[in-house]
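In what follows, a structure is listed as structure tokens, so that the remarks can point back to it.
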Amino acid sequence: GGGTDRTMAYRFRVRTAGGKQCTLGPCLNDGATILQLAKLLEGKIGIPTTRQKIKWGYPPTTVNNAQPSESLKSIGIRSGVTLMVDEVDQSSASLLKAMSEAQ
Numbered sequence: 122g123g124g125t126d127r128t129m130a131y132r133f134r135v136r137t138a139g140g141k142q143c144t145l146g147p148c149l150n151d152g153a154t155i156l157q158l159a160k161l162l163e164g165k166i167g168i169p170t171t172r173q174k175i176k177w178g179y180p181p182t183t184v185n186n187a188q189p190s191e192s193l194k195s196i197g198i199r200s201g202v203t204l205m206v207d208e209v210d211q212s213s214a215s216l217l218k219a220m221s222e223a224q
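For any residue, its number in this note's numbering is found by taking its place in the sequence shown, counting from 1, and adding 121.
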């Protein structure tokens, strides 16, 4: 025998807009959701889940916080990627979205 149950644990590098860098994990697994990731980030870097803007990959893809029950796997996030987390003011979040779409 000797087969170990290998549910994939994620590891991330995290960069914040303020220039802080840290690592997250090993944590979560293939079934983990955006909300679970956001909660871990909140504990790690102190930005509330409702104010996180998470980007990853190159060119950067923004994680859609409006779909908190989506799994990380389904949106394509893999272990080892760098997550860039900005803190957005709730009142300006919709404004930022409108501005970025206007460009």
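Positions of the beta carbon are idealized from the N, C-alpha and C atoms, including for glycine.
Fair warning: this is a prediction, and the values are worked out from it, not measured in the lab.
| Query | Result |
| --- | --- |
| Simplified DSSP assignment, three categories, for residue 188 | coil |
| Outcome for residue 159 when other beta-carbon atoms lying within 10 angstroms are tallied against a minimum of 16 | buried |
| Status (buried if at least 16 other CB within 10 Å, exposed otherwise) for residue 144 | exposed |
| Distance between residue 167 and residue 195 (C-alpha atoms, nearest Å) | 26 Å |
| With 16 other Cβ atoms within 10 Å as the buried cut-off, status of residue 142 | exposed |
| When 139, 188, 138, 154 are compared against residue 113, the one with the closest alpha-carbon | No information on residue 113 is available, as it lies outside the stretch 122 to 224 that the chain covers here. |
| Beta-carbon contacts of residue 181 that lie in its chain and below 7 Å, excluding the five residues immediately before and after | 205 |
| As assigned by DSSP and simplified to three states, the class of residue 199 | coil |
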